[in-house]
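Enquirer: Protein chains in written order, with UniProt numbering: chain V, 1 to 440; chain A, 1 to 254. First the structure, then my questions, so here it is.
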Amino acid sequence: MIATQSDAYQESFAAFQADQSATSPAWLNEARQTAWDRFLERGLPTRRDEDWRFTPVASLAGRNYRNVQSLSLASDTVETLLQRAKLDDDFHRLVFVNGHYVEGASSHQDLPEGVVVENLASSIREGRDLAEQLLTQPVGKEESAFTDLNTAFASDGAVIDVADGVTLDRPVHLIFLSVEDGPTACHPRNLIRLGNGSSATVVESYHGRDGDGYFTNAVTQIELAEQANLDHHKLQHEQRDSLHIASSHIDQKEHSRFCSHYFSFGAELARNELNCILDGEEIVSTLNGLYMPTGEQLMDCRTRIDHAKPNCNTYELYKGILDDRARGVFNGKIFVHQDAQKTDAKQSNQALLLSDDAVVNTKPQLEIYADDVKCTHGATIGELDEQALYYLRSRGIPESLARKMLIFAFANDVVQGVEVPAVVQHLEAILLSSHGLPDV
Amino acid sequence: MLEIKNLHARSEDTEILRGINLSVAAGEVHAIMGPNGSGKSTLAHVLAGREDYEITEGEVTYDGKDLLDMEIEERAAEGVFLAYQYPVEISGVSNKYFLKAAINSIHKYRDEPVISRKDFVALLKEKLELLGMDKSMMDRSVNEGFSGGEKKRNEILQMAMLEPKLAVLDETDSGLDIDALKIVSEGVNALRSPERAIIVVTHYQRLLEYIVPDKVHVLAGGKIVRSGDKSLALELEDKGYSFLQSGAETVAAG
Ligand SMILES: Nc1ncnc2c1ncn2[C@@H]1O[C@H](COP(=O)(O)OP(=O)(O)O)[C@@H](O)[C@H]1O
Ligand SMILES: [Mg+2]
Numbered sequence: 001m002i003a004t005q006s007d008a009y010q011e012s013f014a015a016f017q018a019d020q021s022a023t024s025p026a027w028l029n030e031a032r033q034t035a036w037d038r039f040l041e042r043g044l045p046t047r048r049d050e051d052w053r054f055t056p057v058a059s060l061a062g063r064n065y066r067n068v069q070s071l072s073l074a075s076d077t078v079e080t081l082l083q084r085a086k087l088d089d090d091f092h093r094l095v096f097v098n099g100h101y102v103e104g105a106s107s108h109q110d111l112p113e114g115v116v117v118e119n120l121a122s123s124i125r126e127g128r129d130l131a132e133q134l135l136t137q138p139v140g141k142e143e144s145a146f147t148d149l150n151t152a153f154a155s156d157g158a159v160i161d162v163a164d165g166v167t168l169d170r171p172v173h174l175i176f177l178s179v180e181d182g183p184t185a186c187h188p189r190n191l192i193r194l195g196n197g198s199s200a201t202v203v204e205s206y207h208g209r210d211g212d213g214y215f216t217n218a219v220t221q222i223e224l225a226e227q228a229n230l231d232h233h234k235l236q237h238e239q240r241d242s243l244h245i246a247s248s249h250i251d252q253k254e255h256s257r258f259c260s261h262y263f264s265f266g267a268e269l270a271r272n273e274l275n276c277i278l279d280g281e282e283i284v285s286t287l288n289g290l291y292m293p294t295g296e297q298l299m300d301c302r303t304r305i306d307h308a309k310p311n312c313n314t315y316e317l318y319k320g321i322l323d324d325r326a327r328g329v330f331n332g333k334i335f336v337h338q339d340a341q342k343t344d345a346k347q348s349n350q351a352l353l354l355s356d357d358a359v360v361n362t363k364p365q366l367e368i369y370a371d372d373v374k375c376t377h378g379a380t381i382g383e384l385d386e387q388a389l390y391y392l393r394s395r396g397i398p399e400s401l402a403r404k405m406l407i408f409a410f411a412n413d414v415v416q417g418v419e420v421p422a423v424v425q426h427l428e429a430i431l432l433s434s435h436g437l438p439d440v
Numbered sequence: 001m002l003e004i005k006n007l008h009a010r011s012e013d014t015e016i017l018r019g020i021n022l023s024v025a026a027g028e029v030h031a032i033m034g035p036n037g038s039g040k041s042t043l044a045h046v047l048a049g050r051e052d053y054e055i056t057e058g059e060v061t062y063d064g065k066d067l068l069d070m071e072i073e074e075r076a077a078e079g080v081f082l083a084y085q086y087p088v089e090i091s092g093v094s095n096k097y098f099l100k101a102a103i104n105s106i107h108k109y110r111d112e113p114v115i116s117r118k119d120f121v122a123l124l125k126e127k128l129e130l131l132g133m134d135k136s137m138m139d140r141s142v143n144e145g146f147s148g149g150e151k152k153r154n155e156i157l158q159m160a161m162l163e164p165k166l167a168v169l170d171e172t173d174s175g176l177d178i179d180a181l182k183i184v185s186e187g188v189n190a191l192r193s194p195e196r197a198i199i200v201v202t203h204y205q206r207l208l209e210y211i212v213p214d215k216v217h218v219l220a221g222g223k224i225v226r227s228g229d230k231s232l233a234l235e236l237e238d239k240g241y242s243f244l245q246s247g248a249e250t251v252a253a254g
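Structural data, given as structure tokens:
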């Protein structure tokens, strides 16, 4: 069973290797092969796997997806999706179509001295150390089937490398589009490294064409040196029949600051993992998320924070709004290692169920091995507040608007946590069209 | 304007209102007094349309229409307003947005043009001044973190903004100090007019010194057991509610 499902990728991998191995450096061929072997051995996760208990991924992930080796570039679709994804013409923009960088759709602004913003295939060709370093070391704390699959097919993605003390003045917008016909798979691999005291803002957007379901399997590796500051956003708008699996692995050093804003709207099944390793003192990490599944969508949000050193603060706020027969999963792990005294970790996850058939499974998981720490977590699952609905209606506000007001109010603090105006506007426009507030 | 006939209401297994009869004409102010738990708030919410209660008997006519047949928001749009005894906090919705949404929802219901931003701001400023409220409160979430007194003022502010035809004030005086009580009373009195009716639910006769009622009713055990003019309020203040026992029997016997 398991072997059969991994088989789905056999043919693709053979074709991929045949196409790539001659031109790729030896270290990369080796990294791909090692990852592939591990993937075959491990197989796709099943529901017997504790981390996938509420997320049956095998049937979607085991389909025969085609790896797109070269683009046919159906340019109308690219243009339509691009218009949907674009946030601000002033941003640095890298566009990837079915996993491949498309220069013509991207736009480059002047970069400060010491900053590299390019695609991974170029980085590999240029022999940059960052690519070799991150592609040959384990992804995060431990590999998983999907990170291995990503490494096995690693060929392109975004690279953002900022030298010490440099501030990247405008956001870098990474746009990933699935455009090609048929069930396709892509495995974007993104590498972000900020040097001492440098700072950057990154936005990842995912969109796809209507039609057959496709599979996006993304991995983002982030390294923040001392006092570095990264504001990271992800806008997940995959098409409704698609599978979206992504993980971000963040390694933070002293006094660095990481802020993640995750917004999940699309895909049939979306699984997002954030793994933060706080390997230094005085680190601050903020993880905010909003997921809004409707219909039959399943959205699985996972965060894992490893407090490895003393005096770090982490703040986590995840909110879900679930309608129809949608399912949500939130799993927030916080490990406070023995050394990590004076840790301050706050986690809150709240779900709003708009229908009787919507289900959410939440699991905060705190493991604390230090004795002088402050850790709090809270989980609430509720429906729209009937008292509040009555109050609004008794002032003349129709029920439909009253409901929208309360839903918008619930989501709004996560949206307002975003500091990039174009992203806030984008989110407000979505909330306004689906559940949000009209201009009254 | 308002005609309540033999109104019975229950919540789950308990009958709370047991045959209320009350008639309020335009231009009048009625006070409803009575001990805790007698059903005053229930009556107020039944008029506003709260869905927790089941009406088992009786009818309510408002402006010639069947009030009990209307949706909650329809009642408000038709001019019914309830100032809550316990105003609801709504996190994440600003007072300003809320008020504008309410006004324009009512305008739309009445096929009137929506209020312009400019007119809204001017109207809000005027009413805030009337009630001695700071405009910074309008950018905060509805009632969130407001003190008891601020919540009550906010109710009267909403009333002043919406200019209802029938206002029911449920224990608006509780939680207000004497200065606030005066200000709120002025706000209410400013609304008194020959076209409007006001029902003031209160525990204490104190409020009725500022908002002088045309009629006073005593509600006990889900029924109106005594009705009279404003002197009834003074009598209650004097003797407490204990003398009602005999009164209740008198009414029942009559
Ligand atoms: N929603 C409800 N569910 C159950 N009991 C209620 C409800 N509302 C009111 N009651 C009961 O009805 C009685 C009258 O309450 P209320 O109308 O609030 O009285 P008052 O406002 O006169 O103090 C009380 O015994 C109260 O506990
Ligand atoms: Mg009451």
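Heads up, the beta-carbon is just placed ideally off N, CA and C, and yes, glycines get one too.
Identify every run of the beta strand (DSSP E) within the region 303-376 of chain V, keeping only runs that are complete inside it and at least 3 residues long; order them along the chain.
Expert: 313-322, 327-336, 344-353 and 359-368
Enquirer: Is any heavy atom of ligand 1 found at a distance shorter than 7 angstroms from the C-beta of Gly175(A)?
Expert: For Gly175(A), the shortest separation between its Cβ and any heavy atom of ligand 1 does not lie below 7 angstroms.
Enquirer: Look up Asp52(A) in the DSSP assignment and say whether it is helix, strand or coil.
Expert: coil
Enquirer: One question on the structure: do Gly382(V) and Leu352(V) come within less than 8 angstroms of each other, judged by their Cβ atoms?
Expert: yes
Enquirer: Going by the DSSP bridge assignment, what does Asn119(V) pair with across the sheet?
Expert: Answer is Ala158(V).
Enquirer: Under 8 angstroms, Cβ to Cβ, is there at least one residue of chain A near Ser394(V)?
Expert: yes
Enquirer: On the DSSP bridge assignment, give the partners of Thr184(V) in chain order.
Expert: Under DSSP, Thr184(V) shares a beta bridge with Arg66(V).
Enquirer: In whole angstroms, what is the alpha-carbon distance linking His307(V) and Arg395(V)?
Expert: 49 angstroms
Enquirer: Counting pairs of Cβ atoms below 8 angstroms between the region 83-95 of chain A and the region 399-412 of chain V, do you hit three or more?
Expert: Using a C-beta cut-off of 8 angstroms, the region 83-95 of chain A makes contact with the region 399-412 of chain V, since at least three inter-stretch Cβ pairs fall below that distance.
Enquirer: From Ile156(A), Val29(A), Glu51(A) and Gly19(A), pick the residue whose C-alpha is nearest to that of Gln85(A); which is it?
Expert: Ile156(A)
Enquirer: Let me check understanding here. Comparing Cα to Cα, which of Arg53(V), Thr34(V), Gly197(V) and Gly157(V) lies closest to Asp300(V)?
Expert: Measuring from the Cα of Asp300(V), the nearest candidate turns out to be Arg53(V).
Enquirer: Thinking C-alpha only, which one of Tyr390(V), Asp323(V) and Thr147(V) is nearest Gly43(V)?
Expert: Thr147(V)
Enquirer: Expressed to the nearest angstrom, what Euclidean distance is found between the alpha-carbon atoms of Asn6(A) and Asp63(A)?
Expert: 18 angstroms
Enquirer: Within a Cβ cutoff of 6 angstroms, which residues of the same chain sit near His261(V), ignoring the five residues on either side of it in sequence?
Expert: His233, Asn288 and Val418
Enquirer: Closer than 6 angstroms by C-beta to Leu177(V): which residues in its own chain qualify, once you throw out the five before and the five after it? Chain order, please.
Expert: Around Leu177(V): Leu81, Val97 and His207.
Enquirer: On the criterion of 16 or more Cβ atoms from any shown chain inside 10 Å, does His187(V) qualify as buried, or is it exposed?
Expert: buried
Enquirer: Could you confirm whether any beta carbon from chain V is found closer than 8 angstroms to the beta carbon of Leu162(A)?
Expert: yes
Enquirer: Taking only the alpha-carbon atoms, compute the straight-line gap between Asn331(V) and Ser285(V) and give it to the nearest angstrom.
Expert: 17 angstroms
Enquirer: So for Ala61(V), helix, strand or coil by DSSP?
Expert: helix
Enquirer: Below 8 angstroms CB to CB, which residues in the same chain sit around Ile55(A) once its five sequence neighbours on both sides are set aside?
Expert: Counting only Cβ-Cβ distances below 8 angstroms, and skipping sequence neighbours, we find Leu7, His8, Ala9, Val46 and Leu68.
Enquirer: For ligand 1, which residues have a Cβ under 5 angstroms from at least one heavy atom, in chain order?
Expert: Ser11(A), Ile16(A), Asn36(A), Gly37(A), Ser38(A), Gly39(A), Lys40(A), Ser41(A), Thr42(A) and Asp52(A)
Enquirer: What's the gap between the Cα of Ala345(V) and the Cα of Tyr369(V)?
Expert: 13 angstroms
Enquirer: What are the start and end residues of each continuous alpha helix (DSSP H) run of 4 or more residues lying completely inside the region 162-192 of chain A, in chain order?
Expert: 178-191
Enquirer: Can you give me the Cβ contacts of Gln20(V) inside the same chain, cut-off strictly under 7 angstroms, excluding the 5 residues immediately before and after it?
Expert: Ser155
Enquirer: Can you find the residues in the same chain that come closer than 6 angstroms, C-beta to C-beta, to Val95(V), ignoring five residues on each side of it along the sequence?
Expert: Val102, Ala105, Ser106 and Ile175
Enquirer: Do we get a CB-CB distance below 8 angstroms when we pair Leu401(V) with the residues of chain A?
Expert: yes
Enquirer: Excluding the 5 residues flanking Gln205(A) on each side, which residues of the same chain have their C-beta closer than 7 angstroms to its C-beta?
Expert: If you ignore the 5 residues before and after Gln205(A), its C-beta comes within less than 7 angstroms of the C-beta of Ala233, Leu234, Leu236 and Glu237, all in its own chain and listed in chain order.
Enquirer: Could you give the DSSP three-state label for Ser41(A): helix, strand or coil?
Expert: helix
Enquirer: In the DSSP output, which residue or residues are listed as bridge partners for Gly208(V)?
Expert: Ser178(V)
Enquirer: For the candidate residues Glu129(A), Val121(A) and Ala77(A), whose alpha-carbon lies nearest to that of Asp111(A)?
Expert: Ala77(A)
Enquirer: Does chain A have any CB closer than 8 angstroms to the CB of Tyr391(V)?
Expert: yes
Enquirer: Look up Leu384(V) in the DSSP assignment and say whether it is helix, strand or coil.
Expert: coil
Enquirer: Report the partner residues of Gln236(V) according to the DSSP bridge assignment.
Expert: Beta-bridge pairing links Gln236(V) to Tyr206(V) and Ser264(V).
Enquirer: Are there any heavy atoms of ligand 2 lying less than 7 angstroms away from the beta-carbon of Glu155(A), as far as the coordinates show?
Expert: In this structure, ligand 2 has no non-hydrogen atom nearer than 7 angstroms to the beta-carbon of Glu155(A).
Enquirer: Relative to the C-alpha of Arg32(V), which candidate in Gly99(V), Ala18(V), Ala152(V) and Gly213(V) has its C-alpha closest?
Expert: Ala152(V)
Enquirer: Give, in chain order, every unbroken run of the alpha helix (DSSP H) that is at least 4 residues long and sits entirely within the region 122-148 of chain V.
Expert: 129-136
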